[in-house]
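Reviewing the structure listed below.
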Amino acid sequence: MSKDIKFEYNVPVFAGAPDAGDDEPVHRDTPEYEALDWETTKMGIETAEELGFDAAWAPDHLMLGRDRAEYECWTLLSAMAGFTDDINLGSLVLCNDYRNPALVAKMAATLDVISEGRLELGLGAGWHEPEYEAYNWEYRDGFERLMRLDESIRLMKRMWDAGGDGASFDGDHYQISDAPCAPTPVQDPHPEILVGGQGEQVTLKLVAKHADVWNTDVFNGDVETLEHKTGVIEDHCETVGRDPDEIEYSWDGHVICTRDEEKFDRLVDLMTPIQFEEEYQDQAPIETESDAREFFIMGTPEECAEAIERRIDAGVTKFQCWFIDFPDTSGMELFADEVMPQFQ
1 MSKDIKFEYN VPVFAGAPDA GDDEPVHRDT PEYEALDWET TKMGIETAEE
51 LGFDAAWAPD HLMLGRDRAE YECWTLLSAM AGFTDDINLG SLVLCNDYRN
101 PALVAKMAAT LDVISEGRLE LGLGAGWHEP EYEAYNWEYR DGFERLMRLD
151 ESIRLMKRMW DAGGDGASFD GDHYQISDAP CAPTPVQDPH PEILVGGQGE
201 QVTLKLVAKH ADVWNTDVFN GDVETLEHKT GVIEDHCETV GRDPDEIEYS
251 WDGHVICTRD EEKFDRLVDL MTPIQFEEEY QDQAPIETES DAREFFIMGT
301 PEECAEAIER RIDAGVTKFQ CWFIDFPDTS GMELFADEVM PQFQ
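Numbering (UniProt numbering), first residue to last: 1 to 344.
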């Protein structure tokens, strides 16, 4: 194929299955993962690398799982750098407000060095207000969070460019003075920057200005929305004077890949209707199998390939997959054996 299509693995950093008899809903990302266990999570990452997935991505949350148990993103990525060899490592996406951006620039440079150039740096403005409240971070309005993200990206790029010479930055939200970043990242000029978010007037313009990759979340993964959003980014690129071909588009969502009809029906029943956080209540409902097929990649390998092809036609080249049968890896294995080779 003319496009370089990549298939990537979303790391189960929390368990989403409820306790037996628990009235709490399953978490849509890991509905069969019953208890967070390091060896189980690590096994998934190692399996993804063995199967030829291009990258492994970790979300940046702190308390989404059952019993509010979840692995911290950057610590996990650092550990992954030590026991993997070929698979890229990414944050999907790092919350800008949780860490000082000058420190993130240094952390990213270090991880890129020790992973020998395998870091993909996903960044976002943040959204999960309960985490802000629990950990005593200030939760600002959406526009200010985005302006802070804009400054953070510019500050980080300046530090990577300056290296040991030191960088200064005097923004409205962040300031540094002669801050060195040595060693610099292995990747030239820096690791790819992925920006996640959907807001058309501010977020997607920020993507046009700064991002190498735009990431759509699970609630915007239908083809119609993808086509609309990528068109908005292209319009913003024209405004800011950037070639839209410099930006790659990624799809982040759920995958059910099986020829077992009973298993398919069980997983669909388990994950639908999709449970929404309060911040997403205005999204289109995903209540039935028909709804889910609009947003997710699901069915037989042939059906999965058709769903992928439709998104490629909409401009997507990176597929970041939540295999919702995990810790069963048979869906991921079937996907790698029968779906991925059709696009590589």
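The beta carbon of each residue, even a glycine, is placed where N, CA and C say it ideally should be.
**Message:** Suppose the cutoff is 7 Å on Cβ atoms and the five residues either side in sequence are ignored; what does the same chain contact list for residue 258 look like?
**Reply:** Once the five neighbours on either side are set aside, the close Cβ partners of residue 258 are 264, 331 and 334.
**Prompt:** Should the stretch 76-87 be called in touch with the stretch 129-139, which here means at least 3 C-beta pairs below 8 Å?
**Reply:** No contact exists between the stretch 76-87 and the stretch 129-139.
**Asked** Since residue 192 sits in a beta bridge, which residues does DSSP pair it with?
**Response** Residue 192 is bridged by DSSP to 120.
**Message:** Going by C-alpha to C-alpha distance, which of 147, 243 and 340 sits closest to residue 96?
**Reply:** The shortest Cα separation from residue 96 among 147, 243 and 340 belongs to 147.
**Message:** I need the straight-line Cα distance from residue 279 to residue 127, nearest angstrom please.
**Reply:** Interpretation of residue 279 is limited by its pLDDT of 49, a score under 50 that renders its predicted location unreliable; the figure taken from the coordinates is listed afterwards. Those two C-alpha atoms are separated by around 8 Å.
**Message:** At the level of alpha carbons, what is the spacing between residue 209 and residue 242?
**Reply:** Going from the Cα of residue 209 to the Cα of residue 242 covers about 7 Å.
**Prompt:** Any idea which residues DSSP pairs residue 216 with across the strands?
**Reply:** According to DSSP, residue 216 bridges with 251.
**Prompt:** Sorted by chain position, which residues of the same chain lie with C-beta nearer than 6 Å to residue 319's C-beta, five sequence neighbours on each side aside?
**Reply:** Cβ neighbours of residue 319 beyond the five flanking positions: 7 and 251.
**C-alpha distance - residue 211 paired with residue 312, whole-angstrom precision** = Those two C-alpha atoms are separated by around 19 Å.
**Prompt:** Among residues of its own chain, excluding the 5 on either side of residue 233, which ones have a beta-carbon nearer than 7 Å to its beta-carbon?
**Reply:** The residues are 204, 207, 208, 214, 244 and 247.
**Item:** Between the CA atoms of residue 238 and residue 254 - distance to the nearest angstrom
**Value:** Near 32 Å, if we compare the C-alpha coordinates of residue 238 and residue 254.
**Request:** Report all residues from its chain with a CB closer than 7 Å to the CB of residue 3; omit the five preceding and five following residues, and keep chain order.
**Result:** If we look at residue 3 and ignore the five residues flanking it on each side, its Cβ neighbours are 312 and 317.
**Item:** Reference residue 73, options 199, 56 and 227, closest by Cα
**Value:** If we check each option's Cα against that of residue 73, 56 comes out closest.
**Item:** Straight-line gap, residue 268 to residue 153 (C-alpha atoms, nearest Å)
**Value:** When the Cα atoms are used, residue 268 and residue 153 turn out to be separated by approximately 39 Å.
**Prompt:** In three-state terms, what does DSSP make of residue 327?
**Reply:** The answer is coil: DSSP assigns residue 327 none of H, G, I, E or B.
**Asked** Should residue 182 go down as buried or exposed, given a rule of 16 or more other Cβ atoms within 10 Å for buried?
**Response** Result: exposed.
**Asked** Is it right to say residue 134 is buried, meaning 16 or more other beta carbons lie within 10 angstroms of its own, or is it exposed?
**Response** Residue 134 should be labelled exposed.
**Message:** Taking its Cβ as the centre, do 16 or more other Cβ atoms sit within 10 Å of residue 143, making it buried, or is it exposed?
**Reply:** By the beta-carbon neighbour count (other beta carbons within 10 angstroms, threshold 16), residue 143 is exposed.
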